[in-house]
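**Q**
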Amino acid sequence: MTIAYLPTPADPPYEPWAGEPEVLAEAAAAGRRAAAWIRSLPAPPAPRPVGTWIAGALPGAVEAATASLDPAQCDRMGPDGLIIDGTAGVDAGTASTLAIVPCVLSDADWLTPDEHLRLLAVASVVTGIARLLADDPGTAILHGQVARMCATLDHATRPDTPGLAPEFEHAL
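This is the structure we're talking about:
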């Protein structure tokens, strides 16, 4: 008996969801605002690797993740019938940078507990937006889940004092 395998059907072309460009633009803008807030945090009293990481790699990862969101890279079934976890456009290095935030903050003892908590929120929300888009992009976009996550991101990165940073005046 001869078994002939049928060709794997090509994936249908991706069609953007209604309002997708606006939602992705808002996520990228919220990420830029969050990165600006992270960069505005106080530096350690003496140079430390974690201080350099918080001032450079972390805000870079937040910006990269929110700017690269792609609902077309969602969870899907592979040709072998196995589920392939989507990344929503966030590369593994960026995801790894966001994932280590809880581990790194214990070394950032010059930051206040409030700043620690807000940094945890930023990493969690950015990771959450990508996971929402990877799991179910239609629901995340059409039902406002991404927009609510962006509002949470803006709240977590709000300035402590009005007028503290001009780039945040719109959020007050």
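Letter by letter, the sequence shown follows residues 2 to 173 of our numbering. Ideal Cβ placement from N, Cα and C applies to all residues, glycine included. Predicted, not measured: the structure shown is a model, and the values here were computed from it.
So for I101, helix, strand or coil by DSSP?
**A** If DSSP states are grouped into helix, strand and coil, I101 belongs with coil.
**Q** Whose C-alpha, out of P160, D155, D161, is nearest the C-alpha of E27?
**A** Out of P160, D155, D161, D155 has the C-alpha closest to the C-alpha of E27.
**Q** Do P45 and W111 have their CB atoms nearer than 8 angstroms?
**A** Contact: yes.
**Q** Helix, strand or coil for I84 per DSSP?
**A** DSSP places I84 in strand when its eight states are reduced to three.
**Q** Which value, in whole angstroms, describes the spacing of the CA atoms of R119 and R40?
**A** Straight-line Cα distance between these residues: approximately 13 angstroms.
**Q** Starting from the C-beta of W18, find all residues in its chain whose C-beta is less than 7 angstroms away, skip the five residues before and the five after it, and write them out in chain order.
**A** Excluding sequence neighbours, W18 sits near P72, P138, G139, I142, L143.
**Q** Is it buried or exposed, E21, if we count other Cβ atoms within 10 angstroms and call 16 or more buried?
**A** By the neighbour-count rule (16 or more Cβ atoms within 10 Å), E21 is buried.
**Q** Given a cut-off of 8 angstroms on the beta-carbon distance, is the pair T128 and R34 in contact?
**A** Taking 8 angstroms as the Cβ cut-off, T128 and R34 do not qualify as a contacting pair.
**Q** Which one of I55, V102, L83, A29 has the shortest CA to CA distance from A66?
**A** Nearest option by C-alpha distance: A29.
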